[in-house]
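First to last, the sequence lines map onto chains A and B. Position 115 of the first sequence, counting from 1, maps to 115 under UniProt numbering, and the rest follow consecutively. Position 162 of the second sequence, counting from 1, maps to 162 under UniProt numbering, and the rest follow consecutively. Heads up, the beta-carbon is just placed ideally off N, CA and C, and yes, glycines get one too. For clarity, every value in this text was computed on a predicted model and none was experimentally measured. Working notes, structure below.
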Amino acid sequence: MHEDYINIILADDDEDDRLFFSDAFDELKITTRVKTFNDGVYLMDYLNSEGTVLPNVLFLDLNMPRKSGLECLQEMKKNDKFKDIAIAIYSTSASEEDIEKTFVMGANIYIKKPNDFKTLKKVLEEVVTINWQYYTNGLNKDNFLLRL
Amino acid sequence: MKLHLKFDFNAICRKVLNEKLLEHNIKHKIVGFGEVKLLEKVSADRLERFSNDLTAYSIEIVENQKSILVQKIKDTITDMVFNNDTPTNLKASAYLSDTLGHSYGYLSNLFSEVTYTSIENFIILQKIEYTKQLIINENLNLTEIAFKLNYSSVAHLSTQFKNTTGITPSAFQRIITKRRELKSQTN
């Protein structure tokens, strides 16, 4: 009835982070397809090109060269095409100011990058599971805020 | 006179399925033997009617019996949370097994298997969603909401909100208000 897998995209300029991220998803129960990009320009080019399958959840690193996560978030919020994507900020910063600002700008999820792989897996699993609940139960996505 | 017939069972089943699906106006694609992909969201109600119709041909929907029951569990919970008329003295587990006619253990296992979450978590999620709505749309304060949703204390509701969403109810309210302001500015 629903798609059998969840489409995930991560934009992050750190290669290790991208690798850990993909590995963590490989080990989860829920089947996912993960795509990664090195920076915001590559990401937005991909999302804006025709025929692209939009992700269910998009993870954005805040500090990226060329185009930052915040700029991507702003751009996406201006375009109705992206309104069904759950946007997760995936950052090393845990400042209350950053967190509240990104939420106000329309992010749904804020994740402080965990230091170890086990926690990362747990956190990502929680994101995907809760997002799945929103997706399959028609919950109001405007009220979807999650901080981990 | 005698007729000798040759059957292509696969083709027959496909044809029956196709006709029935069309009759029920369900957009679909028959993927292979014994598998149909639905191309639209079909309500549990419609699926049940479709399923009943198929029994005349001894065709049984295997996987979806489970999905239908899971959907019923969800509907019952949502109704229980959002509709305050349901008996509040009953425990959720007792209410679910009474309403759906299965043991709670069975329902609980099935639910976890299909949805990746537990009934308990689903109830909490629904309650917190309702709390969000009440905060934003009806401007109720947490004390009023805790009472309405049968929480033993405001602190309990507040903690559950924080545990589920990672933010406090007041931060949630502040963010949504600011978000609306920002939106009205840009529009």
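Put simply, the CB of residue 74/A is far from chain B, with every gap to its CB atoms at 8 Å or more. Boundaries of the alpha helix (DSSP H) around residue 21/B: 9-23. In the structure shown, residue 138/B falls within a coil segment according to DSSP collapsed to helix, strand and coil. In this structure, DSSP gives residue 144/A a state outside helix and strand, which the three-state scheme calls coil. 61/A is the residue among 61/A, 138/A and 6/A whose C-alpha sits nearest the C-alpha of residue 107/A. Chain order gives the chain B residues near residue 30/A as 116, where near means a beta carbon separation below 7 Å. Excluding residues up to 5 positions away in sequence, 110 and 145 lie with their Cβ nearer than 7 Å to the Cβ of residue 103/A in the same chain. Judged by DSSP secondary structure, residue 137/A falls outside any beta strand (DSSP E) and instead within the alpha helix (DSSP H) spanning 117-137. For residue 104/A, the nearest beta carbon of chain B is closer than 8 Å to its own beta carbon. At the C-beta level, residue 67/B and residue 36/B stay beyond 8 Å of one another. For the options 134/A, 8/A and 67/A, the alpha carbon positioned closest to that of residue 32/A is the one of 8/A. In the displayed model, residue 66/A falls within coil according to three-state DSSP, outside both helix and strand. In the structure shown, residue 7/A falls within a strand segment according to DSSP collapsed to helix, strand and coil. A Cβ of chain A is located within less than 8 Å of the beta carbon of residue 129/B. Around the beta carbon of residue 1/B, fewer than 16 other beta carbons sit within 10 angstroms, so the residue counts as exposed.
Chain A places no beta carbon closer than 8 Å to that of residue 39/B, leaving this residue out of the contacts.
Residue 86/A has its alpha-carbon roughly 26 Å from the corresponding atom of residue 139/B. The straight-line gap separating the alpha-carbon atoms of residue 123/B and residue 66/A is approximately 44 Å.
Contact with chain B is absent for residue 97/A, since none of that chain's Cβ atoms lies less than 8 Å from the residue's Cβ. In terms of beta-carbon proximity, residue 49/B stays away from the interface with chain A, with every pair separated by 8 Å or more. When DSSP states are grouped into helix, strand and coil, residue 27/B belongs to the coil group.
When 11/A, 140/A and 20/A are compared, the shortest CA-CA separation from residue 118/A is found for 20/A. Assigned with DSSP and collapsed to three states, residue 41/A falls in helix.
Contact with chain A is absent for residue 46/B, since none of that chain's Cβ atoms lies less than 8 Å from the residue's Cβ.
Closer than 8 Å to the CB of residue 148/A there is at least one CB belonging to chain B. Annotated three-state conformation of residue 40/B is coil, per DSSP. Contact between residue 17/A and residue 113/A holds: their C-beta atoms lie close to 7 Å from each other, under 8 Å. DSSP places residue 35/B in the strand class (E or B) of the three-state scheme. Rounded to whole angstroms, the gap between the alpha carbons of residue 158/B and residue 80/A is 34 Å.
Membership of residue 171/B in the alpha helix (DSSP H) is indicated by the continuous run 169-186.
Residue 99/A: member of the alpha helix (DSSP H) spanning 96-104, first to last residue. Taking C-beta atoms as the reference points, residue 81/B and residue 126/B count as a pair closer than 8 Å. Membership of residue 58/A in any alpha helix (DSSP H) is not indicated; the residue belongs instead to the beta strand (DSSP E) covering 57-60. Per DSSP, reduced to three states, the secondary structure at residue 113/A is coil, with no helix or strand assignment. Annotated three-state conformation of residue 73/B is helix, per DSSP.
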